[in-house]
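The opening residue of the sequence shown carries number 0 in numbering that gives the first Met the number 0; numbering runs sequentially from there. For glycine and all other residues, C-beta sits at the position ideal for the given N, C-alpha and C. Quantities reported herein were computed from a predicted structural model and do not represent experimental measurements.
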Amino acid sequence: MCIKVKYLGHSSFILSVNGKNILTDPYFSNDLFCNYKRLICCSQKITTIPKIDFILISHEHQDNCDLEATNYLIKKYQPKIIAHRSVLNKIENSSENNLISMDEYESKTIQNIEYIAHPAHHPTSFYPLSYLVKTKEHKIYFAGDTNLTNEHDKLSADLAFLPIGGRHTMDIGSAIQAVKKIKPKVVIPMQYNTFEDIKVNINNFKEKLSNLRFSVNPVILDPGKCFVYR
């Protein structure tokens, strides 16, 4: 079964998996964030987002957990929210049954999709997480905001979403090291070029990947664009 990926911007994606839509790290606001101007806006207005079944949140920062947008989607679609309890405590309008609390190394299977929480290293966050999303056919690693850690030695995935912006997360060099450890078939970079201080030259990332001793397909998505993994 294929996985459809739509990039909204920053680290927000809609993943269509097993007939369910999973929204990662919602960030729709174009307002200033910690005095940073958003240079690349979200590609889609919140009012045009299709039905969302799950919202997967890595940590509490506004550019990964847009509470206004999340609460809007809860009212409209009643999705299940998967996050650490410290994030869930900020969520409004959702029934307790739809709040799925995750701790490091905890695994929960919901509607034939398994979610496994892994530690992330993001010092400015209270309790950051990364996630491995598993189906019978595929493993997807969504890193959220994290630096390179020993945790990546334990992970393997077919499809990996990695930050490359380098401010409190992996930069291009450490993302390449993560790819060497995880060995995904496809890697999709995220969390870059949204703000001035995380601007990168994406061609450097592609060039470094091309020099690896194994084959990995870098998929560079502009906001609003889609990719299908088969």
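ask   = Rounded to whole angstroms, how far is the Cβ of residue 65 from the Cβ of residue 26, which I believe are closer than 8 Å?
value = 5 Å
task = Quick one: residues in its chain with C-beta nearer than 6 Å to the C-beta of residue 124, no 5 flanking neighbours on either side, listed in chain order?
result = 58
message = Restricting to Cα atoms, I'd like to know which of 36, 37, 29 is closest to residue 44.
response = 29
task = Give the C-beta separation of residue 128 and residue 143 to the nearest angstrom, bearing in mind that I take them to be a contact with Cβ-Cβ under 8 Å.
result = 6 Å
inquiry  = At the level of alpha carbons, what is the spacing between residue 154 and residue 49?
reply    = 31 Å
query = What three-state label does DSSP hand residue 108 in the structure shown?
reply = strand
request  = Have a look at residue 150 and residue 99 and give me their C-alpha separation to the nearest angstrom.
outcome  = 23 Å
key: Contact between the segment 95-109 and the segment 178-197 (3+ Cβ pairs under 8 Å)   = By the criterion of at least three beta-carbon pairs nearer than 8 Å, the segment 95-109 is not in contact with the segment 178-197.
inquiry  = DSSP has residue 216 in a bridge; who is on the other side?
reply    = 185
query = Apart from the five residues on each side of it in sequence, which residues of its chain come closer than 6 Å, Cβ to Cβ, to residue 22?
reply = 13, 51, 54
message = Rounding to the nearest angstrom, what Cα-Cα distance links residue 203 and residue 134 in this structure?
response = 32 Å
ask   = Where do the N-terminal and C-terminal ends of the alpha helix (DSSP H) with residue 85 fall, by residue?
value = Counting along the chain, the alpha helix (DSSP H) containing residue 85 begins and ends at 84-87.
request  = From the DSSP output, in three-state form, read off residue 195 for me.
outcome  = helix
Local Cβ density within 10 Å of residue 47, reported as buried at 16 or more and exposed below that = Residue 47 comes out exposed.
request  = Please state if the CB of residue 175 and the CB of residue 207 are separated by a distance shorter than 8 Å.
outcome  = yes
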